[in-house]
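Shown next, in structure tokens, is the structure this report addresses.
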Amino acid sequence: MFPSSYRIRDLLIEPNLVLAPMEGVTDLMFRRLVRSIGGVGMTTTEFIAGEALRRGVARAEMMARFDPDENPVAIQIYGAKASSMAEAARAIQDAGAHVVDLNYGCPSKKVCAHSGGSSLLREPVLAREIVRAVRAAVTIPLTVKMRCGFDAHQRNAPLVARMCEEEGVESLVLHWRTRADLYGGTRAVDKIAETKSRVKIPVIGNGDIVDVASAEAMFRDTGVDGLMIGRGAIKNPWIFKQLRAHFAGLPEVVVDAAEKHRVLLIYFDSLRGEFRNDHGVLGRMKKIANYFTHGLPYGSDLRLAFLRSQNIDEAIGHTNRYFGWLAEEESRRERPFSLQSPQPKNLPAGADQTAAWAAERLAPVQGPPLSPSPFPPS
Ligand SMILES: Cc1cc2nc3c(=O)[nH]c(=O)nc-3n(C[C@H](O)[C@H](O)[C@H](O)COP(=O)(O)O)c2cc1C
984 MFPSSYRIRD LLIEPNLVLA PMEGVTDLMF RRLVRSIGGV GMTTTEFIAG
1034 EALRRGVARA EMMARFDPDE NPVAIQIYGA KASSMAEAAR AIQDAGAHVV
1084 DLNYGCPSKK VCAHSGGSSL LREPVLAREI VRAVRAAVTI PLTVKMRCGF
1134 DAHQRNAPLV ARMCEEEGVE SLVLHWRTRA DLYGGTRAVD KIAETKSRVK
1184 IPVIGNGDIV DVASAEAMFR DTGVDGLMIG RGAIKNPWIF KQLRAHFAGL
1234 PEVVVDAAEK HRVLLIYFDS LRGEFRNDHG VLGRMKKIAN YFTHGLPYGS
1284 DLRLAFLRSQ NIDEAIGHTN RYFGWLAEEE SRRERPFSLQ SPQPKNLPAG
1334 ADQTAAWAAE RLAPVQGPPL SPSPFPPS
């Protein structure tokens, strides 16, 4: 019923489920975590300043690293200077990456102040100049990720998309929000659907895909060729595997407390070698745990305990205590706690889907009452 793969020129993306670029999240360690679980068709690095990559700044080169078997991987760059972006893209190609992705979506003031990211949506001449320069510099596939517009008055993604296609961009990702929406706004995917109908290159839908219902809705409401998932993958790195199984008609992928615990500990361990000091490791652990525990019973108590942790061992102690408790709770129930909807929702057109999904996710936990929190108030 829905597509299961797409091609960027001759590069097959299968399944058509892509990990979104996320600054401070989708570094090599996180991408390894997601890939180790499976179901992801392509990964993307966090955004990297084209200028820094061009100058060979060590941190930028670190951010552009990928594993030899991470195939395909897209390296995302941002910036407003066409010549720097072109040089950075060439460095990416020389490093053996498979795709160069241009960021036309970042809403941050810092990036927009220098005419990068989503501010390019209101600077069509510069936007075209950058795409053209990068296209001329590399032979590997070129993609662009953008928001649906700058603000409610300028939802011009279909026009920008046509421009990109004319200049040789080979696939587009569209996040339904405008720059002005930041991470709020009311779900409106009409510009994704319109873009899909106006260009021949693959269009990938992005924004609030967190489970089967929201994934199906994106396909159904827009006709996109694939899905890109960001925050949903931090909350639930099994989402790709779960969606792939669902769309392939395979048995549901159920993730229990023991599996969540195992994966989280492996990830934490992998961070130790990556940061210069424990402070950096702890900061990243807190960031990921903040997402990972959303929707789990007493997840907010774990988040608080985590935030208060002074060192790595303390945070790992909290993790062990929480998931031990969760495993106990699950042993008294028929199925593990999960954010995934057991049944895809068939909402009527025009229904407030965001509200419906939220209600679904907040549905009371099935089974006996919960035992007291593993983190009683002190
Ligand atoms: C912590 C964080 C960092 C992000 N960094 C980037 C980035 O570096 N490049 C980019 O194009 N988008 C970035 N985004 C936007 C995501 O790629 C994605 O478009 C957005 O979160 C909507 O998708 P989602 O609802 O699946 O998260 C970031 C989002 C988050 C939450």
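First residue of the sequence shown? That's 984 in my numbering, and the numbers climb one at a time after it.
Note that beta-carbon positions come from the ideal geometry of N, C-alpha and C, so glycine has one too.
Which residues in the same chain have their Cβ closer than 7 Å to the Cβ of Tyr989, if we skip the five residues on either side of it in sequence?
-> Working through the sequence shown from its first residue, we reach residue 989 at position 6. Excluding positions up to five away in sequence, the list reads Ile996, Asn999, Pro1185, Asp1208, Gly1209.
Give a yes or no on whether the C-beta atoms belonging to Arg1315 and Pro1351 are separated by under 7 Å.
-> Looking up residue 1315 in the sequence shown gives position 332. Looking up residue 1351 in the sequence shown gives position 368. Yes, Cβ-Cβ distance for Arg1315 and Pro1351 is below 7 Å.
Just to confirm, are Gln1076 and Pro1004 a CB contact at a threshold of 7 Å?
-> In the sequence shown, residue 1076 corresponds to position 93, counting from 1. In the sequence shown, residue 1004 corresponds to position 21, counting from 1. Against a cut-off of 7 Å, the Cβ pair of Pro1004 and Gln1076 comes out as no contact.
Compare the Cα-Cα distances from Arg1267 to each of Leu1279, Gly1282, Ile1299 and report the closest residue.
-> Here residue 1267 corresponds to residue number 284 of the sequence shown, with the count starting at 1. Out of Leu1279, Gly1282, Ile1299, Ile1299 has the C-alpha closest to the C-alpha of Arg1267.
Environment of Glu1029 [buried if 16+ CB atoms lie within 10 Å] = One-based indexing of the sequence shown puts residue 1029 at position 46. Buried is the call here.
Would you check whether ligand 1 has a heavy atom nearer than 6 Å to the C-beta of Met1025?
-> Mapped onto the sequence shown, residue 1025 falls at position 42. No, the beta carbon of Met1025 sits no closer than 6 Å to any heavy atom of ligand 1.
Under the rule that 16 or more other beta-carbon atoms within 10 Å means buried, what is Val1056, buried or exposed?
-> Taking the sequence shown and counting its residues from 1, the one referred to as residue 1056 is at position 73. Flag for Val1056 reads buried.
Use the C-beta contact count for Gln1323: other C-beta atoms within 10 angstroms, 16 or more gives buried, fewer gives exposed.
-> Counting from 1 along the sequence shown, the entry for residue 1323 is found at position 340. Only weak support is given to the placement of Gln1323: the predicted model assigns it a pLDDT of 46, under 50, and the value that follows is read from those uncertain coordinates. Counting Cβ neighbours within 10 Å, Gln1323 comes out buried, since at least 16 surround it.
Residue nearest to Arg1160 in terms of C-alpha spacing, selected from Gly1190, Asn1139, Ser1098 = Residue 1160 sits at position 177 when you count from the first residue of the sequence shown. Here the closest residue by C-alpha is Gly1190.
Hey, quick one: how far does the beta strand (DSSP E) through Gly1209 stretch, first residue to last?
-> Numbered from its first residue, the sequence shown carries residue 1209 at position 226. Note, Gly1209: beta strand (DSSP E), 1209-1212.
Residue of Ala1241, Ile1175, Ala1198 minimising C-alpha distance to Phe1230 = As a working note, residue 1230 is residue 247 in the sequence shown. Nearest option by C-alpha distance: Ala1198.
Find out if the Cβ-Cβ distance for the pair Glu1313, Asp1239 is shorter than 7 Å.
-> In the sequence shown, counting from the first residue as 1, residue 1313 sits at position 330. In the sequence shown, counting from the first residue as 1, residue 1239 sits at position 256. For Glu1313 and Asp1239, yes; Cβs fall inside 7 Å.
Opening and closing residue of the alpha helix (DSSP H) in which Ala1074 lies = By one-based count along the sequence shown, residue 1074 stands at place 91. 1065-1077 is the extent of the alpha helix (DSSP H) around Ala1074.
For Leu1002 and Thr1027, the rounded distance between their alpha carbons | The count along the sequence shown starts at 1 and reaches residue 1027 at position 44. The count along the sequence shown starts at 1 and reaches residue 1002 at position 19. Their backbone Cα atoms lie some 6 Å apart in a straight line.
Mapping DSSP to helix, strand and coil, what is Ala1298?
-> Numbered from its first residue, the sequence shown carries residue 1298 at position 315. The answer is helix: DSSP assigns Ala1298 an H, G or I state.
Buried or exposed: where does His1301 fall if 16 or more other Cβ atoms within 10 Å of its Cβ makes it buried?
-> As a first step, residue 1301 must be located in the sequence shown, where it is residue number 318. His1301 should be labelled buried.
Nearest-angstrom beta carbon gap, Leu1011 and Arg1048 [assumed within contact, 8 Å] | As a working note, residue 1048 is residue 65 in the sequence shown. As a working note, residue 1011 is residue 28 in the sequence shown. Yes, Arg1048 and Leu1011 are in contact; Cβ-Cβ is about 5 Å, under 8 Å.
Straight-line gap, Met1201 to Ala1176 (C-alpha atoms, nearest Å) | Along the sequence shown, one-based indexing puts residue 1201 at 218. Along the sequence shown, one-based indexing puts residue 1176 at 193. Their Cα atoms are separated by approximately 9 Å.
C-alpha distance - Gln1293 paired with Ser1154, whole-angstrom precision | Here residue 1293 is taken as the residue at index 310 of the sequence shown, counted from 1. Here residue 1154 is taken as the residue at index 171 of the sequence shown, counted from 1. Taking the straight line from one Cα to the other gives about 44 Å.
Rounded C-alpha distance that separates Gly1188 from Arg1138 | The residue you call residue 1188 lines up with position 205 of the sequence shown. The residue you call residue 1138 lines up with position 155 of the sequence shown. Looking at the two C-alpha atoms, the distance is approximately 16 Å.
Delimiting residues of the alpha helix (DSSP H) encompassing Ile1192 | Residue numbering aside, residue 1192 sits at position 209 when the sequence shown is read from its first letter. Judged by DSSP secondary structure, Ile1192 falls outside any alpha helix (DSSP H); it is assigned neither H nor E.
Determine, using beta carbons only, whether Val1152 and Val1117 come nearer to each other than 7 Å.
-> The count along the sequence shown starts at 1 and reaches residue 1152 at position 169. The count along the sequence shown starts at 1 and reaches residue 1117 at position 134. No. Outside cutoff.
Do you know how far the Cα of Val1193 is from the Cα of Val1156?
-> Mapped onto the sequence shown, residue 1156 falls at position 173. Mapped onto the sequence shown, residue 1193 falls at position 210. When rounded, the separation of the alpha-carbon atoms in Val1156 and Val1193 is 17 Å.
Going by DSSP, what residues sit across from Leu1000 in a beta bridge?
-> Walking along the sequence shown from the start, residue 1000 turns up at place 17. Its beta-bridge partners are Leu1210.
Hey, is Met1005 close to ligand 1, as in C-beta under 6 Å from one of its heavy atoms?
-> Numbered from 1 along the sequence shown, position 22 holds the residue referred to as residue 1005. Yes, ligand 1 has a heavy atom inside 6 Å of this Cβ.
Rounded C-beta distance between Ala1272 and Val1017? I'm assuming under 8 Å.
-> Within the sequence shown, numbered from 1, the residue matching residue 1272 stands at position 289. Within the sequence shown, numbered from 1, the residue matching residue 1017 stands at position 34. Contact flag wrong, Cβ pair sits at about 16 Å.
Rounded separation between Ala1341 and Ala1135 - CA only = The sequence position of residue 1341 within the sequence shown is 358, counting from 1. The sequence position of residue 1135 within the sequence shown is 152, counting from 1. Caution applies to Ala1341, whose pLDDT of 48 falls short of 50 and renders its modelled position unreliable; the model cannot decide the point.
Buried/exposed call for Gly1033, threshold 16 Cβ in 10 Å = To locate residue 1033, count along the sequence shown from 1; it is residue 50. Flag for Gly1033 reads buried.
Reduced DSSP category for Tyr1305 - H, G, I as helix; E, B as strand; rest coil = The residue given as residue 1305 occupies position 322 in the sequence shown. Looking at Tyr1305 - three-state DSSP - the assignment turns out to be helix.
Please name the residue in Leu1254, Pro1090, Tyr1281, Arg1259 whose C-alpha comes closest to that of Gly1167.
-> Residue 1167 sits at position 184 when you count from the first residue of the sequence shown. Ranking the options by Cα distance to Gly1167, first place goes to Pro1090.
Can we count Phe1030 as close to ligand 1, meaning its CB is less than 6 Å from some heavy atom?
-> Residue 1030 sits at position 47 when you count from the first residue of the sequence shown. Indeed, a heavy atom of ligand 1 lies less than 6 Å from the Cβ.
On the three-state DSSP scale, how would you describe His1136?
-> Along the sequence shown, one-based indexing puts residue 1136 at 153. Looking at His1136 - three-state DSSP - the assignment turns out to be coil, as it is neither helix nor strand.
Check: Ile1222 C-beta below 6 Å from any heavy atom of ligand 1 | For this step, residue 1222 is matched to residue 239 along the sequence shown. Checking every heavy atom of ligand 1 against the Cβ of Ile1222, none is found closer than 6 Å.
Closer than 6 Å: Ile1075 CB and nearest ligand 1 heavy atom | The residue you call residue 1075 lines up with position 92 of the sequence shown. Not under cutoff, so the answer is no.
Keeping to the same chain, check which residues put their C-beta closer than 6 Å to that of Asp1335; ignore five residues upstream and five downstream.
-> The residue given as residue 1335 occupies position 352 in the sequence shown. Unreliable placement is indicated for Asp1335, whose pLDDT of 46 sits below 50; no coordinate value is reported for it.
Do Cys1131 and Ala1120 have their CB atoms nearer than 7 Å?
-> By 1-based counting over the sequence shown, the position of residue 1131 is 148. By 1-based counting over the sequence shown, the position of residue 1120 is 137. Contact flag unset, no.
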